[in-house]
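Okay, so here's the structure we're looking at.
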Amino acid sequence: MIMSEIIAQAYSVGFLVTGISHALHPGMWSKFFLEMRKSETAPFTIGVLTLPIGLLIVLGHNIWRPDITILITIFGWLMTFKSVVYLVFPASFRKVTPDSLTTGTKGFRRIGLAMTVIGMALVFRVFFLRTVQGYLTSSPLNQ
202 MIMSEIIAQA YSVGFLVTGI SHALHPGMWS KFFLEMRKSE TAPFTIGVLT LPIGLLIVLG
262 HNIWRPDITI LITIFGWLMT FKSVVYLVFP ASFRKVTPDS LTTGTKGFRR IGLAMTVIGM
322 ALVFRVFFLR TVQGYLTSSP LNQ
């Protein structure tokens, strides 16, 4: 199995599970982000934890094909960008997580449902359609 397939499989399962968690436990996610907002060090915690994951996706799954797996590449770039912004400009965290986003549960439930649908599509694609000829072979790490 090539690195881009492993990254795609790991990310798609993680995305699906996180989506299910958001949909089932929106109140806890709301509390989590409220607590994170109170912490001055939250941007550093998030940045340090998500930067390596984003970079791994960007370096090992930088595949721009007209396929649903392009979302993994896009999310990897967004995660990398967000991590750098949080680490370099920590005040930005409070600007992108206003109270209105963290006080309600409907938003987390909706996001969770959307993530679950996308996650299911990604899991189906990377686990059950992986035998499609040419799947995920354009990453420089796979050559």
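Residues 202 to 344 (the working numbering) are what the sequence shown spells out, left to right.
The beta-carbon is built from N, C-alpha and C at its ideal position, and this holds for glycine as well.
Computed from a predicted structure; not experimentally measured.
Between which two residues does the alpha helix (DSSP H) holding residue i run?
i	result
Val-327	Note, Val-327: premise wrong, no alpha helix (DSSP H); not H, not E.
Glu-206	204 to 225
Thr-270	Careful: Thr-270 lies outside any alpha helix (DSSP H) and carries neither H nor E.
Ile-264	Note, Ile-264: premise wrong, no alpha helix (DSSP H); not H, not E.
In angstroms with no decimal places, state the Cα-to-Cα distance between residue i and residue j.
i	j	result
Glu-206	His-262	8 Å
Leu-252	Trp-230	21 Å
Ile-271	Ile-264	6 Å
Asp-268	Phe-325	12 Å
Ile-319	Lys-307	18 Å
His-226	Val-297	21 Å
Phe-329	Ile-273	17 Å
Ser-284	Phe-294	10 Å
Could you have a look at residue i and say whether DSSP puts it in helix, strand or coil?
i	result
Glu-236	helix
Thr-298	coil
Pro-244	helix
Ala-315	helix
Ala-292	coil
Gly-228	helix
Thr-306	coil
State buried or exposed for residue i, treating a residue as buried only when at least 16 other CB atoms are found within 10 Å of its CB.
i	result
Leu-323	buried
Ile-275	exposed
Do the stretch 230 to 239 and the stretch 282 to 290 make contact, defined as three or more Cβ pairs closer than 8 Å? no
Would you call the stretch 238 to 247 and the stretch 275 to 282 in contact, with 3 or more CB pairs under 8 Å? no
Counting pairs of beta carbons, one from the stretch 214 to 221 and one from the stretch 301 to 321, are three or more of them closer than 8 Å? yes
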